[in-house]
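Note that the sequence shown covers residues 79 to 274 in the numbering used here.
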Amino acid sequence: MSKLYYRYGAMNCGKTTALLQVANNYEERGMKVIIIKPLVDTKGGDTIVTRIGLSRKVDHLVDSNENLGNYLNKLPDDISCILVDEVQFMTRDQIDELFIFTKTKNIPVICYGLRSDFKTIAFPGSLRLFELADDLEELYTICRCGKRAKFNGRIVNGKFTTDGSQVAIDNENDVSYESLCGKCYLEKVININDNN
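In structure tokens:
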């Protein structure tokens with residue numbers, strides 16, 4: 079039976095690069111993959127883009143109100159794998175639909191996304207994947223101090239903030255993110271340090 083996979087990590091851990099590598103691995107063996115991402119992820123439009131310059135047009139953009147099962151059930155039978163980028167932005171129902179698809183069609187679904195937002199709160203799509211995924215894998219990146227980064231600090235106009243909506247796309251409207259370890263997150267974002 080095929081599995082639902084969730085590969086997650088902080089910003090800059092190479093999630094999209096890993097997705098493109100998996101797609102290449104399937105395709106060089108003559109297998110067909112479908113790549114999807116949420117429509118709310120406006121970075122790159124209908125293309126997924128990596129920080130190292132790789133990009134690829136997606137096969138389908140998923141609207142937040144979409145019944146994803148309808149799209150998945152219309153796919154041809156020769157699909158070998160579904161790859162999902164920025165899965166944290168999907169709804170709980172859409173994650174359920176991915177789970178149902180992989181179990182009823184016996185086709186693996188590999189999802190890539192963030193565990194939590196800039197306030198350390200889990201995204202609904204991520205939380206549902208932690209509840210349903212057959213296989214969880216954390217991808218790692220490095221904090222400014224050299225330790226493993228697990229948190230995403232949001233920077234607006236050059237300053238860390240804990241204000242704003244859960245979704246704000248990187249490099250749009252003066253918003254950027256920095257991957258931080260727990261200690262640096264507390265110091266830089268929350269302003270808690272050893273002297274407090």
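For glycine and all other residues, C-beta sits at the position ideal for the given N, C-alpha and C.
Residue 159 vs residue 116 beta-carbon contact at 8 Å: No, they are not a contact pair.
Three-state secondary structure (DSSP) of residue 202: Residue 202: helix per DSSP, three-state reduction.
Identity of the residue in 215, 143, 267, 179 nearest residue 236 by Cα: Considering only alpha carbons, the answer is 267.
Candidates 133, 174, 130, of which the one nearest residue 146 by Cα: Nearest C-alpha to residue 146: 174.
C-alpha gap between residue 148 and residue 230, whole angstroms: Straight-line Cα distance between these residues: approximately 33 Å.
Environment of residue 179 [buried if 16+ CB atoms lie within 10 Å]: Residue environment: residue 179 is assigned as buried (16 or more neighbouring CB atoms within 10 Å of its CB, all protein chains considered).
Residue span of the beta strand (DSSP E) that contains residue 52, given as start and end: For the chain, the structure presents residues 79 to 274; residue 52 sits outside this window and is missing.
Endpoints, beta strand (DSSP E) assigned at residue 125: Here the beta strand (DSSP E) through residue 125 covers 125-127.
Residues near residue 91 by beta carbon distance below 8 Å, same chain, minus five either side: Taken in chain order, the residues that qualify are 217, 218, 219, 227, 257.
Assigned exposure category for residue 191 - 16 Cβ within 10 Å defines buried: By the 10 Å Cβ count, residue 191 comes out buried.
Stretch-stretch touch, CB-based, cutoff 8 Å, three pairs: the region 111-131 with the region 88-103: The region 111-131 makes contact with the region 88-103: 3 or more CB pairs, one atom from each, lie closer than 8 Å.
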